[in-house]
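For the sequence shown, counting from 1, position 148 maps to 148 in my numbering; every step adds exactly one.
Every residue, glycine too, gets a C-beta built ideally from N, C-alpha and C.
Treat the numbers as computed from the prediction; the structure is a model and nothing was measured.
Here the structure comes first, spelled out in structure tokens, and everything after it is commentary.
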Amino acid sequence: MLDRARQLQPKLVEIRRHIHAHPELGFREVQTSQYVSNQLNALHVEHQRGVARTGIVATLGDGSGPVVALRADMDALPIEEANDVPYKSQTPGVMHACGHDAHTAMLLGAAELLAQERLHGTVKLIFQPSEEGGSEDTSGGFLMVKEGVLDDVEAIWGIHVGSGEPSGKIFVGDGAINAAADSFYGSVIGMGGHGAFPHRALDAVWLTSFVLPAIYGIVPRRIDPTRQAVISVGTISAGTATNILPPKVDLSGTIRSFEPEVRQQLHDELERAF
């Protein structure tokens, strides 16, 4: 099988580059889903579309024995691509910057290899939408679980590429490898006014300058140093004019943790910071 996998490399490079050139954001993977479906049809692999809105679940095997799954994500990020390559993103402001194009291509490669095998049992191939969504409303993984995709699955494997590691190497480890991620959204409320008369307003931007250190102080001063956690603020938005003090500043970001207890503590500390 390894030799056959190597023979697939040129085809998978072509698939990955096609997906890279046509990126789509979470729950908008319409063209990507259609492309994956076309590839599966060419392999005569049974699959269901429209799972978790734009996801796909393919099934291989004779239906007996255990059920295992392989999973890949399909969505891109809202980033303008600066690379000058023939397969550069053709969608302004959207790019496959997190490797999901490669993940999808690899899972299609696994589909082709496994379709040639006599499988005793069932293998589900899960093409997940909206991996980047950080809440229950925006997470394709959460919706797939809610729709029962994993109800009969006894074991599941996933993979994530990493540009910092040598090509062709696979790294595994005992315990958690990647942290659980949650998105957070918050607002600092003040009272708007004219920039010439700050004493007549309650400057939300100035107030935010106190909130940010409180947020960034949570991990080094509130979390047990023997346990891992990360807080990152990703967006700060306020104001409409240079001479107007905005009444509100909106912030959003992510928290990452390996343990449920630490995750809950991060949630609690963030509420206090705001």
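Once DSSP output is grouped into helix, strand and coil, what is the label at Val223? Reading off the sequence, residue 223 comes out as Ile, not Val. Ile223 falls in the coil class under three-state DSSP.
Can you tell me the Cα-Cα spacing of Leu212 and Ala273, whole angstroms? Each residue's alpha carbon lies about 8 angstroms from the other.
Contact the region 199-209 vs the region 164-171: 3+ CB pairs below 8 angstroms: The region 199-209 vs the region 164-171: no contact.
Specify the secondary structure class of Leu43 as computed by DSSP and reduced to three states. Looking at Leu43 - three-state DSSP - the assignment turns out to be coil, as it is neither helix nor strand.
Just checking my contact of Arg28 with Thr54 at CB under 8 angstroms: how many whole Å lie between their CB atoms? Contact between Arg28 and Thr54 holds, with the beta-carbon distance rounding to 7 angstroms and staying under 8 angstroms.
By Cβ distance, which residues of its chain are closer than 6 angstroms to Gly186, with the 5 residues on each side in sequence left out? Taking Gly186 as the centre and dropping the five residues before and after it, the same chain places the C-beta of Leu251 and Phe274 closer than 6 angstroms to its C-beta, in chain order.
Per DSSP, what kind of secondary structure is Ser64 in: helix, strand or coil? When secondary structure is reduced to three states using DSSP, Ser64 falls in the coil class, being assigned neither helix nor strand.
Run of the beta strand (DSSP E) containing Ala273, from where it starts to where it stops: Counting along the chain, Ala273 falls outside any beta strand (DSSP E), though it belongs to the alpha helix (DSSP H) covering Pro260 to Ala273.
Measure the C-alpha to C-alpha separation of Lys11 and Gly109 and round it to an integer number of angstroms. Near 9 angstroms, if we compare the C-alpha coordinates of Gly109 and Lys11.
Can you tell me whether DSSP reads Thr122 as helix, strand or coil? Of the three classes helix, strand and coil, the one that applies to Thr122 here is strand, per DSSP.
Helix or strand or just coil, what does DSSP make of Leu77? In this structure, Leu77 counts as strand in the three-state DSSP scheme.
Between the Cα of Ile236 and the Cα atoms of Val188, Ser89, Ala105 and Pro198, which residue gives the shortest distance? The option with the nearest alpha carbon to Ile236 is Val188.
For Arg194, which three-state DSSP category applies? The amino acid occupying residue 194 in the given sequence is His; Arg does not appear at that position. If DSSP states are grouped into helix, strand and coil, His194 belongs with the strands.
Span of the alpha helix (DSSP H) around Gly141: Segment Gly140 to Lys146, the alpha helix (DSSP H) holding Gly141.
Inspect the CB distances between the region 140-153 and the region 193-200 and report whether three or more fall short of 8 angstroms. Between the region 140-153 and the region 193-200, the count of C-beta pairs closer than 8 angstroms stays below three; the two stretches do not touch.
Count Cβ pairs between the region 146-158 and the region 66-80 that sit closer than 8 angstroms; are there 3 or more? When C-beta atoms of the region 146-158 are compared with those of the region 66-80, three or more pairs fall below 8 angstroms, so the two segments count as touching.
I need the boundaries of the beta strand (DSSP E) containing Arg256, first residue and last residue. Segment Lys248 to Ser257, the beta strand (DSSP E) holding Arg256.
Give the straight-line distance between the Cα atoms of Gly93 and His160, rounded to the nearest whole angstrom. Roughly 23 angstroms separates the two Cα atoms.
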